[in-house]
Every structure is written in C-alpha cells, then in structure tokens.
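Novice: Residue numbers (this note's numbering): 20 to 254. Cβ atoms here follow ideal geometry from the backbone N, Cα and C, with glycine treated the same way. None of the values given here were measured: they were computed from a predicted structure. Pasting a structure here, questions to come.
Okay, here's the thing in structure tokens:
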C-alpha cells in the first residue's frame, strides 16, 4: 500500500519532466503528503489531448457517492481489481492519471513488535510517475471536488521484504498507454517495479505523525536493518 509520500520538486521542473502544457498549480514542497491533502496530479485533457498538472485531493470520492466521508479509505486501488470494484471501475475506464512523487514511505513490521519506516526513491534521482485514478464529485453547494487514488501492485525483491504492496511506478514508455494517449491495454502496464532500481533506507518513526514535515525526514535513521535495505539516500 501507500499511505504517505514526498514531493519537493517545483512545478516548473515537473512540467519539463512530464511535458505538461498550460498553467501550473502553486504548491509548497512536502516531505509528508498524507491522505485528504491536496497534491499535484497529471491528467490528459479529453478534447485537446494536452497534459495538465492540477491539485487534487488524495482519497477518491466516486462520482456516485452520497457524501465524501469515505475518501480517507479510498487512497489506494489494487491493480488486480480495478475493472471489477465499483469504486474504481469507471475511473479506470475513463479517468486515469499519473501521480508525481519524489518517493514514498513504507513501514516494515519487526519480529519483536513495532514497525520500522523506510523511504523509497528511484536510484536515478528522477521523479516517480505513479499510476493513479481520479474522479469529480459535485458537492452539496454545487462546487466540484476532484480527488485521486494511487494504484498499487505486488512488490518484488528487496521491496517485498518491507511490504507486499507498493505504488505502481510506470516507466516513461508506459505513460502514454496509461493516460490513453496511445493504444494498448492499460492494465498491462501495472506490474511490480524492479527493486534494483530503487533506493531504500530506514528513517525516523516521526514520519508517522502528519504534523512532521521537513527535509530531515529523509535522513537515514540509526536502525538495525539488513544491508540490502539500507541504500545511500539520493537526496
């Protein structure tokens, strides 16, 4: 699963990396993005085909929902059941997006009890492009709430030693199929990301508190972990 992530790159840098057109949203860097918070999401305009970067709320509210109270529960969508789950199937068919992030956090259960948090980023230092779904829901006052969920896949290799699930990271060659810019089966691009391309290192447990949000969250923590789960941070 994915319950927290970080994004500190400026909008202009994301626009260059993802070939985004149009005005860019104004957002502050965050080292601890949490559910229900607003974050930049890359969507394809259905008429012009242009890529746009917009701020959406993390936690999907289906267009048919009676209220938005379930958003905090729909932050992740399992790749294996997107076409079957009522909460996700419409968005999977028509409203797929990319969620830019510099990396994400995951917690490993320890044999003696408790959990050890890890930061995960690309070894290349590039931003991640994670598969997402988005929805629009009309609020009682008539305003639109636009929200998103992060698609997850099974983990493999070193990442699987931390948690069995992980965000569905898409390499550049798969972006167009997922966004609907190119023909192809979008489900076919949802697969475990090679763990040898990921930098993984232990961090301080304070990342679990939403109010903690500073660059020091990415510093390596003094924790007893296997060497293969303690790469040099890329930041």
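1. Could you give the DSSP three-state label for residue 29: helix, strand or coil?
2. Rounded to whole angstroms, what's the CA-CA distance from residue 86 to residue 241? Just pull it up for me.
3. What is the rounded straight-line gap between the Cα of residue 127 and the Cα of residue 134?
4. Report yes or no: do three or more beta-carbon pairs, one from the region 193 to 202 and one from the region 214 to 231, lie closer than 8 Å?
5. Using a Cβ-Cβ cut-off of 6 Å (strictly less than) and excluding sequence neighbours within five positions of residue 76, which residues of its own chain qualify?
6. On the three-state DSSP scale, how would you describe residue 239?
7. Using the Cα positions of residue 99 and residue 106, report the straight-line distance between them to the nearest angstrom.
8. Cβ of residue 209 within 7 Å of Cβ of residue 235?
9. Compare the Cα-Cα distances from residue 238 to each of 119, 228, 219 and report the closest residue.
10. For the region 175 to 185 against the region 143 to 154, do three or more pairs of beta-carbon atoms, one drawn from each stretch, fall closer than 8 Å, so that the two count as touching?
11. Whole angstroms are fine: how far does the CA of residue 180 sit from the CA of residue 42?
12. DSSP has residue 186 in a bridge; who is on the other side?
13. Using CA atoms only, rank isn't needed, just tell me which of 39, 59, 132 is closest to residue 48.
14. Less than 7 Å between the beta carbons of residue 139 and residue 122, yes or no?
15. In whole angstroms, give me the CA-to-CA distance for residue 96 and residue 26.
16. Of all the alpha helix (DSSP H) runs that stay within the bounds of the region 88 to 144, which reach a length of 4 or more residues?
17. Do residue 80 and residue 189 have their CB atoms nearer than 7 Å?
18. What residue range is occupied by the uninterrupted beta strand (DSSP E) comprising residue 50?
19. Count the other CB atoms, across all protein chains shown, that sit within 10 Å of the CB of residue 78; report buried if there are 16 or more and exposed otherwise.
20. Starting from residue 176 and walking both ways along the beta strand (DSSP E), at which residues does that stretch end?
Specialist: In this structure, then:
1. For the purposes of this step, residue 29 is taken as the residue at position 10 of the chain shown. Note: residue 29 maps to coil in three-state DSSP.
2. Walking along the chain shown from the start, residue 86 turns up at place 67. Walking along the chain shown from the start, residue 241 turns up at place 222. Each residue's alpha carbon lies about 44 Å from the other.
3. As a first step, residue 127 is located in the chain shown; it is residue number 108 there, counting from the start. As a first step, residue 134 is located in the chain shown; it is residue number 115 there, counting from the start. Taking the straight line joining both Cα atoms gives about 5 Å.
4. no
5. Along the chain shown, one-based indexing puts residue 76 at 57. Excluding positions up to five away in sequence, the list reads 57, 166.
6. The residue you call residue 239 lines up with position 220 of the chain shown. Note: residue 239 maps to coil in three-state DSSP.
7. What you label residue 99 is simply residue 80 of the chain shown in a count that begins at 1. What you label residue 106 is simply residue 87 of the chain shown in a count that begins at 1. When rounded, the distance between both Cα atoms is 14 Å.
8. Walking along the chain shown from the start, residue 209 turns up at place 190. Walking along the chain shown from the start, residue 235 turns up at place 216. No, these two residues do not count as a Cβ contact at 7 Å.
9. Numbered from 1 along the chain shown, position 219 holds the residue referred to as residue 238. Selected option, being the one with the closest Cα: 219.
10. no
11. For the purposes of this step, residue 42 is identified with residue 23 of the chain shown, where counting begins at 1. For the purposes of this step, residue 180 is identified with residue 161 of the chain shown, where counting begins at 1. Those two C-alpha atoms are separated by around 41 Å.
12. For the purposes of this step, residue 186 is identified with residue 167 of the chain shown, where counting begins at 1. Bridge partners of residue 186: 171.
13. Mapped onto the chain shown, residue 48 falls at position 29. Answer by Cα proximity: 59.
14. Taking the chain shown and counting its residues from 1, the one referred to as residue 139 is at position 120. Taking the chain shown and counting its residues from 1, the one referred to as residue 122 is at position 103. Cβ atoms of residue 139 and residue 122: closer than 7 Å.
15. On the chain shown, position 77 is the one that residue 96 refers to. On the chain shown, position 7 is the one that residue 26 refers to. About 20 Å.
16. 108 to 113
17. The sequence position of residue 80 within the chain shown is 61, counting from 1. The sequence position of residue 189 within the chain shown is 170, counting from 1. Going by C-beta atoms, residue 80 is not nearer than 7 Å to residue 189.
18. By 1-based counting over the chain shown, the position of residue 50 is 31. Note, residue 50: beta strand (DSSP E), 49 to 52.
19. Translated into positions along the chain shown, residue 78 becomes position 59. By the neighbour-count rule (16 or more Cβ atoms within 10 Å), residue 78 is buried.
20. On the chain shown, residue 176 is found 157 positions in, with the first residue counted as 1. Counting along the chain, residue 176 falls outside any beta strand (DSSP E), though it belongs to the alpha helix (DSSP H) covering 176 to 179.
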